[in-house]
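A.B. asks: Take 35 as the starting number for the sequence shown in this note's numbering and just add one per residue.
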Amino acid sequence: MHPLQSPLDPIDLNASPPGIHPLSHTSSPSPGRENVSPQVEILSKRLSEAPLAVKEALELAVSYFTDAGNASPHLQLTPPADITGPPVIPSNTIIYRNIQINRQTTLETVYYYPLNTLVEYPETSVDGSVGHVFTLDPQEWINPMANFAYSLGGSHRMSQKAKTIKVSLLVDASGERVPCRETHTTCQGSKVCPFTPMSSSHCKVTREDLQLSLSHTKKLLNSSTKLHQELILKTHSLWSSFCKFGCGAPPYEETWRSDMEQTQEGQWNAQKEKARRGHSAKATCDGRLLFEHDYDGRPYVHCEHYHSKGTKDHLIDYDVSSGLYDTDYLEALFLGDAEEVRRLEEEAFEGRESPISTCSTVSNTSSIKVHCPSEHRNSEGRLIMAEMERLPCKSIVRMYEPLEEYQSACPKILIICRGAHTHPIPQPLKTPPHIRLQIFKLLQTLGQDLSDLTPRRFLRHPTVCAYLRNILPHISHPSPSDWNVSLSNREHLRAYIDQARQKAFPEGTSWRGLLDMKKRQDEELSADEAYIRYAADLPSSLSSIIHDEDELADPRNPIRIVVCMSKESSQRLLEAQFLQSDIGFKRIVGFQEFELGGRDFASRTTLTYCRVYLNHQTAAAHHFIFNKIEEIVKMDTDESLQWRHLHANMDRRKACLGLHLKELAQQLPARFDLHQPDRLLSSLTEYEHLHRIFRLCHVHVSRNIKSCNVPEGVKNKMRSLVCMEHPNFEGTLCDIERDGGKAGSDWVRDKIRSKFAFEGMCWAKSFIPKLVWQISDSTSNVIESLHSDVNSEGITCSLVGGLCKGHHFDNLKLKTLSVFEMTGIRPSHQRGHISESTLRGLKRKSVVRQKVLRGQDLTIKTHNERLQNAKDALDRSKQRLLDCQIRVANYPRNKKYQSAISTADSARARAEAAYQKAIATSLEAVGSGSGRVGILLPVPLTSST
């Protein structure tokens, strides 16, 4: 391209060829142009024969020369969007030189960028001006200045619509200049540490230039290559941390300081106050920190107000005596001995400049950083927080933007940069607006995961990973930093997540957020679609009721209850025969999750009928919960829950729990009990109601028995109590108390104190019908599987997040059941017949039994080896004793042989004790194992066993 251009001739890159420019005196091409129409026409005819890459190049060439020649209008190029690659000037960028846009301004260089070009460092000039023409999408008009890495601000002068400006570079398809709005702004420079010996300017920047400018910082960070230098830096960091943290104890004692010390302390506190940027600080002790040695010579750091026999809540730290720090250097720092500190640093760094005395911290002007994060000392050797200083810049940026009604005709923006940047190269920390927009759209698709989303969870979320693979197919394992380097800073992602979460949950994700969610649900959804049925504090009249088994709680914190269930769940609960309930603690931080669940017998699918979240358990709270569930079911179905022993006319149906049943019974007309016909239902206590409906999970009972510290025979007696009928129930309890010691006695008393445990273990002790006992679940596998679903969906969630996850899962279960009922399609390939679960249980039981037997066989082998070794040791000790006795008999006056007899006899006694202990251990293993490994025992014992 010719380096000169007609001074006032506009450059038109639009598709349609321009007419004769009004300032041209002839129709011939201007001095800086050539008529390339013949060449372009020939290339156009052969376009179909060329490879794809050549086609793109030819189309590009034709579009560039459209206004110079008279090319065919059907060869137009719309460059593909390339927003994911590194911010370099695209190869299809057009460059012009010495372009005059009006009578006062001539641009040294003009860059014409294709659509979606990302420019972070626009070129400028020391004395001249450089133009940048960006092609934009009229449907998504995004100012390209938002992509600049420089901090722009200062005075803005925007031309009024009545005073629009026209420039020769912004024209429509006919070559006519379009009215534009002009905006002026200036570069705000950078922030640097005052210890940074850096003064630089630049006009043109690439990523390679940025890396080169950062090499000085890397060199400083890597300057301490020797271990002793690393030790000095580590010790200096410990001292600075002590200075910043202080004592940390409550400010009870007053610290006396001289006038000079008060001035220095006031300056230090002012620096810390400024670093907090308005955040209040916790009041702590302002005592001096002293470096001293104890009576044993060990160094330690302590607050001057610390006393081992009095004020022990003040700081004392012996970690400095661990040998992991240079104590001489640390002592010099605490004493403020500048000469000694300088000597030790020069000795460590061999006279070179250390990272402590110099710095290279640079940040953008828009950064909220107040002080340099590195440690620095003043000339007196005192630690200071070096306040970042602003390096001003006079580089001017002027933007010409077509008025909104002309943006479709001329979808371009002209940006002119003038003056060198007199500051270090800023980091590309800004996320381009179009990428931010895509991130927000992506966050909106995450649904219930948004409430508890963190940058780490965002990075590994399947939706995010799939989106990155879609837009970055050329990268094997794409990450957001491949999308744009600014996203390497996770705080950017955190800010975007917080904005999206604030928009979705304006009241937050805790209790207030949940109340707001319920309010919006009640306003926007119908009653049939409601899921949050109740959310409020427990009424004060019930909060004051305390039961014997209630947990202690702070009375200032109200008991909060959230009841969640759908109308369909109410109907299924009404039709349920057997229920299981339990409390989970993992899903929501600070709340417990009460689940009322069961199994759908047609599909053999477990489902949760109701979820209740509460922050504290009391009998009154559970009583209120059951009343509320009863009320919701009544409202949804126009029927009440039917409890077998309350509403049955001698038919056998299952029931529920305690205080709620007692209250229901008192509300019914006078009616006698099914099992004790001489008693009215209203006279039954809450525990007697449990005897008619409640049973314990035998798996949990067996697990607790296994951990009980009693002999194995006593454990077997405990297990025998879990049965239909027991031949001697009371006698077995007496045997457990007698033979089990304190642990056995405590176990029995605990079950008696519960008032329902034995009735839940043995059918004969309860009032549950035998047939109901036989066909109902003997384990809590149903509710445990629901707990497993909770853990799989996510734990340690916020209140809103946990509720959203529970809603999503419950809705999924109900839809799965509805599909099964309408089409017969099951959620898995299994039939769901009870025989499958029975077979699966047998297999698991067999695997567990074989594993236990293998362990017992291994134990028997170990006991056999120990017994054999003990027997061999006993035989050797007896032989040594016999040898000593023979020598004494042959040499009766030899005192050495006589003393050897005493030693050998002691050794034989010890071997005999070890042998008897090994026998006792082996006897304990009698009856265990698979029977394929014999137990090694002495002959008399073998015959008896």
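Quick reminder that beta carbons are idealized off the backbone N, C-alpha and C, glycines included.
Less than 8 Å between the C-beta atoms of Tyr434 and Leu204, yes or no?
C.D. replies: Position 400 of the sequence shown, counted from the first residue, corresponds to residue 434. Position 170 of the sequence shown, counted from the first residue, corresponds to residue 204. Yes, the Cβ-Cβ distance between Tyr434 and Leu204 is below 8 Å.
A.B. asks: Val396 and Val519: beta carbons closer than 8 Å?
C.D. replies: Start at 1 with the first residue of the sequence shown, and residue 396 comes out as number 362. Start at 1 with the first residue of the sequence shown, and residue 519 comes out as number 485. Cβ atoms of Val396 and Val519: not closer than 8 Å.
A.B. asks: State yes or no: is the C-beta of Pro178 within less than 8 Å of the C-beta of Ile447?
C.D. replies: Indexing the sequence shown from 1 puts residue 178 at position 144. Indexing the sequence shown from 1 puts residue 447 at position 413. Contact flag set, yes.
A.B. asks: Where Leu141 and Phe492 are concerned, what is the direct C-alpha to C-alpha distance, given to the nearest angstrom?
C.D. replies: Mapped onto the sequence shown, residue 141 falls at position 107. Mapped onto the sequence shown, residue 492 falls at position 458. The alpha-carbon atoms of Leu141 and Phe492 are separated by roughly 45 Å.
A.B. asks: If you run the structure through DSSP and keep just helix, strand and coil, what is Glu870?
C.D. replies: Here residue 870 refers to the residue found at position 836 when the sequence shown is read from its first residue. Helix.
A.B. asks: For Ile450, which residues in the same chain have their Cβ closer than 6 Å to its Cβ, ignoring the five residues on either side in sequence?
C.D. replies: Looking up residue 450 in the sequence shown gives position 416. Taken in chain order, the residues that qualify are Ser163, Gly165 and Arg432.
A.B. asks: In chain order, which alpha helix (DSSP H) runs of at least 4 residues are fully inside the stretch 761-810?
C.D. replies: Here the runs fully enclosed are 763-773, 775-788, 791-795 and 804-809.
A.B. asks: Taking one C-beta from the stretch 417-431 and one from the stretch 211-227 each time, how about it: are there three or more such pairs within less than 8 Å?
C.D. replies: Yes, since at least three Cβ pairs between the stretch 417-431 and the stretch 211-227 fall closer than 8 Å, the two stretches touch.
A.B. asks: DSSP three-state label for Ala610, please.
C.D. replies: Here residue 610 corresponds to residue number 576 of the sequence shown, with the count starting at 1. Correct three-state label for Ala610: coil.
A.B. asks: Would you list the residues sitting across from Glu7 in a DSSP beta bridge?
C.D. replies: The structure shown does not extend to residue 7, since the chain is modelled only from 35 through 979, so no value can be given for it.
A.B. asks: Is Tyr146 closer than 8 Å to Thr158 when the C-beta atoms are compared?
C.D. replies: Residue 158 sits at position 124 when you count from the first residue of the sequence shown. Residue 146 sits at position 112 when you count from the first residue of the sequence shown. Contact: no.
A.B. asks: Can you find a C-beta in chain C that's less than 8 Å from the C-beta of Asp243?
C.D. replies: Absence of chain C from the displayed structure is noted, only one protein chain being present.
A.B. asks: So, for Cys757: in the same chain, excluding its five sequence neighbours on each side, which residues have a beta-carbon less than 7 Å away from its beta-carbon?
C.D. replies: By one-based count along the sequence shown, residue 757 stands at place 723. Excluding residues within five positions, the ones whose Cβ falls inside 7 Å are Cys796.
A.B. asks: Measuring alpha carbon to alpha carbon, tell me which of Val597, Lys799 and Ile617 ends up nearest Asn661.
C.D. replies: Locating residue 661 in the sequence shown gives position 627, counting from the first residue. Of the candidates Val597, Lys799 and Ile617, the one whose C-alpha sits nearest the C-alpha of Asn661 is Val597.
A.B. asks: Taking just the CA atoms, how far does Gln864 sit from Glu665?
C.D. replies: Position 631 of the sequence shown, counted from the start, is the residue given in the question as residue 665. Position 830 of the sequence shown, counted from the start, is the residue given in the question as residue 864. Their Cα atoms are separated by approximately 37 Å.
A.B. asks: Using CA coordinates, which residue listed in Arg737, Ile663, Ile770 and Arg787 is at the minimum distance from Ser814?
C.D. replies: For the purposes of this step, residue 814 is identified with residue 780 of the sequence shown, where counting begins at 1. Ser814 has its Cα closest to that of Arg737, out of Arg737, Ile663, Ile770 and Arg787.
A.B. asks: Specify the secondary structure class of Ala570 as computed by DSSP and reduced to three states.
C.D. replies: As a working mapping, residue 570 is identified with position 536 in the sequence shown. Here Ala570 sits in strand by DSSP.
A.B. asks: Which residue marks the beginning of the beta strand (DSSP E) containing Ile199, and which one marks its end?
C.D. replies: Within the sequence shown, the letter at position 165 stands for residue 199. Run containing Ile199: none; DSSP gives neither H nor E here.
A.B. asks: Are Arg942 and Leu901 close, meaning C-beta to C-beta below 8 Å?
C.D. replies: Translated into the one-based positions of the sequence shown, residue 942 becomes position 908. Translated into the one-based positions of the sequence shown, residue 901 becomes position 867. Going by C-beta atoms, Arg942 is not nearer than 8 Å to Leu901.
A.B. asks: To the nearest angstrom, how far is it from the Cα of Tyr329 to the Cα of Ala420?
C.D. replies: Within the sequence shown, numbered from 1, the residue matching residue 329 stands at position 295. Within the sequence shown, numbered from 1, the residue matching residue 420 stands at position 386. Taking the straight line from one Cα to the other gives about 39 Å.
A.B. asks: Could you tell me the alpha carbon to alpha carbon distance between Ser964 and Ile809, rounded to whole angstroms?
C.D. replies: Residue mapping note: residue 964 aligns to position 930 of the sequence shown, counting from 1. Residue mapping note: residue 809 aligns to position 775 of the sequence shown, counting from 1. Rounded to whole angstroms, Ser964 to Ile809 spans 33 Å at the Cα level.
A.B. asks: Could you give the distance in angstroms between the alpha-carbon of Thr399 and the alpha-carbon of Asp550?
C.D. replies: One-based indexing of the sequence shown puts residue 399 at position 365. One-based indexing of the sequence shown puts residue 550 at position 516. Roughly 39 Å separates the two Cα atoms.
A.B. asks: Starting from Ser956, trace the alpha helix (DSSP H) in both directions and tell me its first and last residue.
C.D. replies: Counted from its first residue, the sequence shown places residue 956 at position 922. Where Ser956 is concerned, the enclosing alpha helix (DSSP H) stretches over Lys929 to Glu958.
A.B. asks: Can you tell me whether Gln134 is helix, strand or coil according to DSSP?
C.D. replies: Residue 134 sits at position 100 when you count from the first residue of the sequence shown. Reduced to three states, the DSSP call for Gln134 is strand.
A.B. asks: For Val748, which residues in the same chain have their Cβ closer than 7 Å to its Cβ, ignoring the five residues on either side in sequence?
C.D. replies: Stepping through the sequence shown from its first residue, residue 748 is reached at position 714. So the qualifying residues of the chain are Ile770, Asp773, Gly774 and Gly778.
A.B. asks: Assuming Cys393 and His405 form a contact by the criterion Cβ under 8 Å, report the distance between their Cβ atoms to the nearest whole angstrom.
C.D. replies: Working through the sequence shown from its first residue, we reach residue 393 at position 359. Working through the sequence shown from its first residue, we reach residue 405 at position 371. At roughly 12 Å, the Cβ-Cβ gap does not stay under 8 Å, so Cys393 and His405 are not in contact.
A.B. asks: What residue range is occupied by the uninterrupted beta strand (DSSP E) comprising Thr465?
C.D. replies: Translated into positions along the sequence shown, residue 465 becomes position 431. Note, Thr465: premise wrong, no beta strand (DSSP E); not H, not E.
A.B. asks: From which residue to which residue does the alpha helix (DSSP H) around Ser163 run?
C.D. replies: Position 129 of the sequence shown, counting from 1, holds the residue named residue 163. Here Ser163 belongs to no alpha helix (DSSP H); instead the beta strand (DSSP E) covers Ser163 to Thr169.
A.B. asks: Which residue from Leu630, Ala636 and Gln651 puts its Cα closest to that of Ile663?
C.D. replies: Taking the first residue of the sequence shown as 1, we reach residue 663 at position 629. Closest by alpha carbon: Leu630.
A.B. asks: Applying the criterion that 16 or more other CB atoms from any shown protein chain within 10 Å of the CB defines a buried residue, is Gln301 buried or exposed?
C.D. replies: Taking the first residue of the sequence shown as 1, we reach residue 301 at position 267. Exposed, by the Cβ-count rule.
A.B. asks: According to DSSP, simplified to helix, strand and coil, what is His650?
C.D. replies: Taking the sequence shown and counting its residues from 1, the one referred to as residue 650 is at position 616. Coil.
A.B. asks: Is the beta carbon of Ala959 less than 8 Å from the beta carbon of Thr893?
C.D. replies: What you label residue 959 is simply residue 925 of the sequence shown in a count that begins at 1. What you label residue 893 is simply residue 859 of the sequence shown in a count that begins at 1. Cβ distance < 8 Å, so Ala959 and Thr893 count as in contact.
A.B. asks: Check Tyr434 in the structure and name its three-state DSSP category.
C.D. replies: Within the sequence shown, the letter at position 400 stands for residue 434. Looking at Tyr434 - three-state DSSP - the assignment turns out to be strand.
A.B. asks: On the three-pair Cβ rule with 8 Å, is the stretch 614-631 touching the stretch 645-657?
C.D. replies: Short answer: they touch.
A.B. asks: So, with DSSP's three-state summary, where would you put Val144?
C.D. replies: Taking the sequence shown and counting its residues from 1, one reaches residue 144 at position 110. Of the three classes helix, strand and coil, the one that applies to Val144 here is strand, per DSSP.
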